[in-house]
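Letter by letter, the sequence shown follows residues 0 to 178 of numbering that gives the first Met the number 0.
We put the CB at the ideal spot given by N, CA and C, even for glycine.
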Amino acid sequence: MREAIEMAEDALKNNEIPVGCVFVDKELNLIVSSGRNKTNETKNACLHAEFDALENLLPSLNLNSNLTRISSSSSSIKKLTLYVTVEPCLMCSSALRQIGLRDVIFGCSNDKFGGCGGVISINDDPRLKFSKTFEARGGYMREESIILLRKFYITENMSAPVPKKKTNRVLKTEVLPIV
Numbered sequence: 000m001r002e003a004i005e006m007a008e009d010a011l012k013n014n015e016i017p018v019g020c021v022f023v024d025k026e027l028n029l030i031v032s033s034g035r036n037k038t039n040e041t042k043n044a045c046l047h048a049e050f051d052a053l054e055n056l057l058p059s060l061n062l063n064s065n066l067t068r069i070s071s072s073s074s075s076i077k078k079l080t081l082y083v084t085v086e087p088c089l090m091c092s093s094a095l096r097q098i099g100l101r102d103v104i105f106g107c108s109n110d111k112f113g114g115c116g117g118v119i120s121i122n123d124d125p126r127l128k129f130s131k132t133f134e135a136r137g138g139y140m141r142e143e144s145i146i147l148l149r150k151f152y153i154t155e156n157m158s159a160p161v162p163k164k165k166t167n168r169v170l171k172t173e174v175l176p177i178v
């Protein structure tokens with residue numbers, strides 16, 4: 000998770016929402032891919048950290064950049080764990096489920112767009128017949144993840160359609176415990 004935090008810090012330095020992630024091979028205990036948010040710099044609203052890491056993962060799976068073919072390598076995907084600083088959103092949760100990932104560990108919950116329990120549980124909803132469920136667990140390095148998000152949200156996002164003035168905002172460093 001430390002490497003995912005470092006990816007999120009890199010995103011923050013590049014004026015992105017600070018979300019970072021890594022795919023770890025459980026058998027080898029080795030990071031095989033990493034990613035961070037790149038939505039502002041690429042002007043691609045879909046280029047979340049998870050999609051960036053998936054794109055970086057494709058060469059090691061001997062696949063081209065067509066993510067729909069990734070499910071054919073599901074045996075390789077099943078042995079991976081995704082560590083991500085913020086609970087995957089609805090879009091990313093659906094993609095992770097469709098490719099056959101089985102294990103996600105995240106830092107803090109996403110109460111606006113979370114797809115692993117924050118808003119809806121795409122990861123383990125039995126009504127979704129298109130793919131198998133995956134396990135998602137949160138709270139790992141939660142405080143660090145929250146502080147990174149706060150650092151971003153106290154500044155003005157010049158890439159926003161209508162940037163909000165955020166002068167005189169102070170970074171709150173106290174993080175309340177999960178109840």
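Point to revise | Segment limits, beta strand (DSSP E) that includes D51 | key: Note, D51: premise wrong, no beta strand (DSSP E); alpha helix (DSSP H) at 48-56.
**Study point:** DSSP state of Y139 mapped onto helix, strand, coil
**Key:** coil
Check your understanding: What residues match up with G34 in a beta bridge as DSSP calls it?
Key -> C20
Exercise for review: State yes or no: is the C-beta of V103 within less than 8 Å of the C-beta of F129?
Suggested key: no
**Study point:** Helix, strand or coil at L60 according to DSSP, with G and I counted as helix
**Key:** helix
**Study point:** Within 8 Å, strictly: CB atoms of D24 and V18
**Key:** no
Check your understanding: With DSSP run on the structure shown, which of helix, strand or coil describes E5?
Key -> helix
Review point. Once you ignore the five residues that flank L147 on each side, which residues in its own chain have a CB closer than 8 Å to its CB?
Key: I4, A7, E8, L11, P17, T84
Exercise for review: Look up S120 in the DSSP assignment and give the residues it is bridged to.
Suggested key: C115
Check your understanding: By Cβ distance below 6 Å, which residues in the same chain neighbour C91 in space, the five residues on each side in sequence not counted?
Key -> H47, E49
Check your understanding: Looking at C-alpha atoms only, which residue of S144, C45, S75, A44 is the closest neighbour of P58?
Key -> S75
Practice item. Reducing DSSP to helix, strand and coil, say where F133 ends up. Key: coil
**Study point:** Cut-off 7 Å between Cβ atoms - residues of its own chain near Y82, not counting five sequence neighbours on either side
**Key:** M0, A3, C20, V21, V23, I104
Check your understanding: In angstroms, rounded to a whole number, what distance separates the CA positions of E142 and L127?
Key -> 32 Å
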